[in-house]
Each structure stands twice: as structure tokens, then as C-alpha cells.
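Step one of this worksheet: look at the structure below.
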Amino acid sequence: MDSSQALDKIKDFLLIFTSIFYEALPFIVIGSLLAGLLEELLPQKLIARLLPRNRFFAILIGALLGLIFPMCECGIIPVMRRLLRKGLPLSCCVAYLLAGPIINPLVLLSTYVAFDGMENATENGTLAFQMGGLAMVLTRTGMAYLVAVGTSLIVDRLHQKHGDELLMPLAKPPVKSKLSLDVVDDDDVTVNKGSMNWFARASRISETALHDFIDITVFLTIGALLAAFTRIWLTHDAISELSRSHIILAVLLMMALSVVLCLCSEADAFVAASFVTLRPAAKAGFLVLGPMFDLKLYMMYTRVFKPKLIWTIIISVVIQVFLYTMILHGLWENLGPKFFFPKIDPITSTSR
């Protein structure tokens with residue numbers, strides 16, 4: 115490698131790093147502000163009243179909290195940590211952490227726009243039988259929900275055994291040592307917030323938001339550096355060429371790519387849609403795994419969870435995404451042409 119090539123690599127590295135960092139930064143700011151508002155204004159008793167007392171149904175609802183608190187994966191970390199400290203059960207927080215960056219209005223809209231018209235895509239002059247906008251939205255939402263709920267059930271069992279030992283100190287509830295749906299309202303035992311003026315409340319909100327912003331941004335920076343270093347060795351053409359021959363290879367490659375690219379969930383659908391030659395299942399695996407686990411998220415997880423919990427989540431998510439993706443491939447390739455392209459003879463489709 116000569117000096118000009120080395121310089122190009124350095125430029126690419128800096129460009130990728132800054133794009134990841136500045137893409138994620140606004141959402142961390144929003145997430146930190148929302149975390150400050152939740153810490154100051156959201157009573158713990160309200161959380162207990164809103165969630166079912168049955169843990170299974172609480173997890174089912176927790177996976178849909180992204181519809182109420184729509185955040186990408188970068189901004190959701192500080193919000194989730196504050197919800198943990200407010201007494202939201204760990205399993206519900208994990209369900210929100212995993213599903214929230216996908217099951218929220220903005221991400222669903224961006225996914226629809228990115229894949230809209232993709233059902234008409236052709237390859238070598240014949241219909242490629244790709245998923246359109248609505249099909250990919252439903253697929254991504256369904257897979258994300260199943261993975262989030264399944265992982266949260268595993269986390270719930272683990273938490274019953276190990277308790278708050280799974281959490282970093284800053285994520286532990288300050289009043290009770292054991293998370294449960296029967297939370298104790300620390301708003302009643304610390305400061306009488308009803309008597310505070312709005313200036314004092316704004317000061318407390320900004321203090322909490324600034325603390326979370328600095329804490330999370332440090333690890334975002336480390337994750338972005340790792341992602342940029344990896345991405346300079348991967349190219350679009352190399353991934354496409356390697357993944358054409360075998361669906362398992364295609365799925366594994368796209369899952370690996372989602373981990374190293376560190377894309378924001380609002381933008382990753384456009385990247386996935388650009389891989390026109392890939393089968394829909396491989397794209398779905400990319401879209402589901404990335405917002406749940408990538409290099410920058412791993413670094414940010416370390417500010418909330420202990421390694422035992424982090425690796426439990428990662429292993430559960432990766433295995434489930436792979437299994438659901440392979441099931442999706444079988445269903446789509448066998449039933450997709452019949453139900454979504456009834457007027458097209460499947461024999462005329464491209465080799466898959």
C-alpha cells in the first residue's frame with residue numbers, strides 16, 4: 115500500500131467515523147433530554163398502574179413502548195436506564211430496548227419508503243420477487259417483536275436468579291434492591307417535587323440530561339471508532355458477490371454487516387434496500403439485528419448491564435434472528451410468489 119492509498123484509507127476512516135458519530139449524536143441528545151424529563155416528571159406509581167402485574171403480559175406491552183417513547187437505538191439507552199431507576203422491571207426494559215428502535219412510527223415509515231416499489235424490482239430482466247414496503251414493514255415488526263419478547267423472557271428468568279447483580283450501579287433503582295412491578299415511589303421519600311418551582315425542575319432535568327449525555331457519548335465514540343475501522347475493509351460489491359451463492363451465507367453476511375456498520379434504525383432500511391440482488395430474508399435479518407446489537411451499542415450496553423447480562427442478550431438475539439430469518443426465507447420463497455405475485459409464474463423468477 116503506497117502513501118496515496120494509505121491517505122485514502124485514513125480519509126475514509128475519518129469520514130465513516132464522523133458520519134456514524136454525527137448521525138447518532140442528535141438522537142443521544144433527544145434521548146438524554148427525554149431521560150431527564152422522565153427522571154423528574156414520571157412518578158413510579160404511574161408505571162406500576164400502567165403495566166399489568168403479570169410479568170409475561172408486562173413484557174408484551176414493554177416491547178410496544180416504542181410507540182409511546184419513539185427513540186432510535188442510540189437515544190434509547192439513557193431513556194431505558196432512567197426507566198430502570200424509576201422501577202420499571204428489567205425484563206420490560208429489555209423488551210423496550212430491543213423492540214423500541216424498530217417498532218416506532220418513524221422507523222416503520224422509513225422502512226416503508228425505502229422498500230416501496232421493491233416488489234417490481236427485476237434481475238437480469240425477470241421479476242426478482244422482492245418484498246415491497248408493506249411486506250417488509252410487517253416482517254421487520256413481527257420479527258423484532260418475537261425476538262424482543264423471547265429475549266426478555268430469558269432475561270426475566272436470569273434476573274430472578276441473580277437480581278440486581280446484573281446491573282451496573284448507575285442503573286440500579288435507588289430505593290429497592292429488587293426490581294418488581296410493586297415499585298416504591300421515591301418521589302414521596304426524597305424531594306417534594308410538587309412544591310418545586312419550574313426553574314428548579316428545569317435545573318434538575320438539565321443536570322440529569324447532561325450527565326447521561328456525557329456518559330453515553332464517551333462509549334458512542336469508542337463504538338464509532340471500532341465500526342469505522344471495520345468498515346474500511348468491507349465493500350458493498352464484496353458482500354453482494356459473496357452472498358449470491360447460498361442463503362445461509364447471505365444471512366450471516368448481512369447479520370455481520372449490521373453489527374459493524376452501526377447504522378441508525380431510521381436510516382438502515384435504505385442501505386438494506388440498496389442490496390437489490392439479496393433475498394428478502396437476508397435483508398430482514400440485517401434490519402432486525404442491527405438496531406438490537408452492533409459495535410456502538412455493545413459499548414453503550416456496558417454502562418447499564420454487567421457482562422453476564424450483555425452476553426445473554428447478544429446470544430439470544432443473534433440465535434433468534436438467524437432462526438426466524440431462515441424460517442422467513444422458507445415461507446417467502448415457497449409462498450411469497452403465490453400470495454404476493456399471483457399473476458406471475460414462479461418458474462420465470464430468477465434463481466434463488
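Residues in the sequence shown are numbered consecutively from 115, following the working numbering.
Cβ coordinates follow ideal geometry from the N, Cα and C atoms, glycine included.
Because the structure is a prediction, the values reported are computed rather than measured.
{"Item": "Exposure of Val418, with buried meaning 16 or more beta-carbon neighbours within 10 Å", "Value": "buried"}
{"Item": "Backbone secondary structure at Asp296 - three-state DSSP", "Value": "Here the model assigns Asp296 a pLDDT of 48, short of 50, so the residue's position is not dependable, and the following value carries that caveat. Of the three classes helix, strand and coil, the one that applies to Asp296 here is coil, per DSSP."}
{"Item": "Cβ-Cβ distance between Leu151 and Ile319 below 7 Å", "Value": "yes"}
{"Item": "Where Phe135 sits in the DSSP three-state scheme", "Value": "helix"}
{"Item": "Stretch pair the region 210-219 + the region 178-187: three plus CB contacts closer than 8 Å", "Value": "yes"}
{"Item": "DSSP state of Leu174 mapped onto helix, strand, coil", "Value": "helix"}
{"Item": "Per-residue burial, Ala120 [other beta carbons within 10 Å of its own, 16 or more giving buried]", "Value": "exposed"}
{"Item": "Backbone secondary structure at Leu423 - three-state DSSP", "Value": "helix"}
{"Item": "Sufficient close CB pairs (3 or more, under 8 Å) joining the region 409-416 to the region 256-264", "Value": "no"}
{"Item": "Three-pair Cβ contact test at 8 Å for the region 385-396 versus the region 419-431", "Value": "no"}
{"Item": "Counted within 10 angstroms of its Cβ, other Cβ atoms place His443 as buried (16 or more) or exposed", "Value": "buried"}
{"Item": "The ligand FMN heavy atom lying under 6 Å from the CB of Leu280", "Value": "Among the components modelled here there is no ligand, and therefore nothing to report on the ligand FMN."}
{"Item": "Residues of its chain near Lys420, where Cβ-Cβ distance is below 6 Å and the 5 sequence neighbours each way are ignored", "Value": "Leu280"}
{"Item": "Proximity of Ala149 and Arg199 at Cβ, strictly below 7 Å", "Value": "no"}
{"Item": "Thr331 versus Phe170: straight-line alpha-carbon distance, rounded", "Value": "33 Å"}
{"Item": "Same chain, Cβ closer than 6 Å to Leu155, neighbours up to 5 away in sequence not counted", "Value": "none"}
{"Item": "Bridge-paired residues (DSSP) for Leu281", "Value": "Phe419"}
{"Item": "Cβ shell of Lys292 (< 8 Å), same chain only, five flanking positions each side left out", "Value": "Caution is warranted here: a pLDDT of 44 is assigned to Lys292, below 50, making its placement in the model unreliable, and no coordinate value can be reported."}
{"Item": "Contact belief for Phe142 with Cys206 at Cβ below 8 Å, rounded distance in angstroms", "Value": "Sequence inspection shows Ile at residue 142; the Phe mentioned does not correspond to that position. Their Cβ separation, rounded to whole angstroms, is 22 Å, which puts Ile142 and Cys206 out of contact at 8 Å."}
{"Item": "Cβ pair count under 8 Å reaching 3, the region 163-179 against the region 128-148", "Value": "no"}
{"Item": "CB-CB length for Ala138 against Ala177, believed under 8 Å", "Value": "Incorrect: roughly 23 Å between the Cβ atoms, too far for contact."}
{"Item": "Integer Cβ distance of Val431 from Phe407, believed to fall under 8 Å", "Value": "6 Å"}
{"Item": "Collapsed DSSP secondary structure at Thr225 in the structure displayed", "Value": "helix"}
{"Item": "When Ala228, Met250, Gly231, Gly214 are compared against Val263, the one with the closest alpha-carbon", "Value": "Gly214"}
{"Item": "Within 7 Å, strictly: CB atoms of Leu409 and Met369", "Value": "no"}
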